[in-house]
Ligand SMILES: [Zn+2]
């Protein structure tokens, strides 16, 4: 049957292609880029007003334009494939993860044999083998492992991340690359950031021109803080199945130590089974229904199911923006697209506005208003809970009598212990005065944020 002939046909087609490539002395066999040429080499009603059809644009995409893709997961696989097939060849990809079996249903550059290998490397190999001439360079690293000089080499950066912290860090990095002369932004220092995000059936795609249009931190209120249930609800007044699961996870696990000192591993089915069983007992006690194994796993691992089609739509929107900006042939998205197909299909574009006093991109000093009798703990909580700051583990330092003084730092245990007593002291007791500058470092930004303390009465 036809099935048996397929491999032979496929083999011949590949031989054919290889031969053509050899004849042309390169990878660009006749007609290879016709689909891209249609957009770049002829005028059209949707083209940018300044657009002049030319052949140089395609040459720029093929030979010069350097793109960085952050993340080689659900969005990353789609982005790499789309960009490579649109003519981009100099692509770098950064991802710190390895492939898990649960990724295979949608992260289509990976196969069962790749489980356990770095996503960036497998994705790069796949694209490079499949798309002749494409040179994807993988980096099995964290974005924080690279400095300015690495990021500066790219024309455009595309993010396909699931972490808001990583997104904010990347945003902060691109803002730190901006140079100003007499307060005027040097446009050549701007690296456009295209950001895609998905959550179940919802997604968004946005274009950020750092220093010119709304950045990630300008619109931080759009990302609600992760919902954590109040401990008192979990401990004594559960109403939802999630409360029962959290009870088993947070309170019973460390108390009953079902697997000795081992901490709870969301990927270990025995662990989930234990939490599931305990959650059912708890739910029965309070007449709560709806605890399932799947929900238990979801709550423990904090997962929202990934939907392949949402990733495909969002990555397509992002790739299109990369193409528009790289070619200057079309007007880019201005600047935020939302997509939702939970019930039917809804999509909408709006212009997110810059925030005048954005802590990341505004260059306006940040004010902290507190009475002198406020405790440092209150300042710390403000930095973490304020909707437009949402810091994770802020480290606060200041200068007192010409010396640097760490007021509080969480990430190093010995310093945390030494500085913890400061949290209960008032600002006056700490020797801080009105107008004092506080420097705050946090995982959400590569740069220290400066705050000015304004005493209120
Ligand atoms: Zn901003």
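In the working numbering, the protein residues as written are 34 to 490.
Note that the Cβ used here is the ideal one computed from N, Cα and C, for glycine as well.
This structure is a prediction, so every number in the text was calculated from the model and none was measured.
Unbroken alpha helix (DSSP H) run spanning residue i, endpoints
i	result
residue 193	No alpha helix (DSSP H) contains residue 193, which is instead part of the beta strand (DSSP E) from 189–193.
residue 93	89–96
residue 207	197–209
residue 332	326–334
residue 73	67–73
residue 446	446–452
residue 287	286–289
residue 304	302–318
residue 182	181–185
Beta-bridge partners of residue i, as assigned by DSSP
i	result
residue 441	429
residue 124	100, 169
residue 486	401
residue 459	408
residue 151	131
residue 381	371
residue 473	429, 482
residue 436	433
residue 217	214
residue 80	363
Beta-carbon gap between residue i and residue j smaller than 7 Å
i	j	result
residue 480	residue 205	yes
residue 398	residue 460	no
residue 354	residue 240	yes
residue 412	residue 198	no
residue 251	residue 391	yes
residue 127	residue 191	no
residue 525	residue 339	Outside the shown range of the chain (34 to 490) lies residue 525, about which nothing can therefore be said.
residue 120	residue 142	no
residue 124	residue 147	no
residue 372	residue 233	no
residue 81	residue 362	yes
residue 185	residue 218	no
residue 91	residue 66	yes
residue 312	residue 278	yes
residue 421	residue 253	yes
residue 173	residue 157	no
residue 243	residue 194	no
residue 471	residue 486	yes
residue 344	residue 231	yes
residue 73	residue 360	yes
residue 274	residue 319	no
residue 281	residue 308	yes
residue 387	residue 247	yes
residue 189	residue 100	yes
residue 369	residue 356	no
residue 86	residue 75	yes
residue 491	residue 140	The chain is shown from 34 up to 490; residue 491 falls before or after that span and cannot be answered.
residue 299	residue 324	no
residue 441	residue 432	no
residue 467	residue 484	no
residue 276	residue 262	yes
residue 122	residue 149	no
residue 176	residue 203	yes
residue 169	residue 162	no
Delimiting residues of the beta strand (DSSP E) encompassing residue i
i	result
residue 171	168–172
residue 137	That residue, residue 137, is in no beta strand (DSSP E); it is neither H nor E in DSSP.
residue 401	399–403
residue 118	Not the beta strand (DSSP E): residue 118 falls in the alpha helix (DSSP H), residues 107–118.
Notebook entry, point to check: Which runs of the alpha helix (DSSP H), 4 residues or longer, sit entirely within the region 225–279?
Noted result: 264–269, 274–279
Notebook entry, point to check: What does the shell around ligand 1 hold, if a residue joins when its beta-carbon is under 5 Å from any heavy atom?
Noted result: 248, 250, 251, 391, 393, 394
Checklist line | Whole runs of the beta strand (DSSP E) within the region 344–373, excluding any shorter than 3 residues | finding: 369–373
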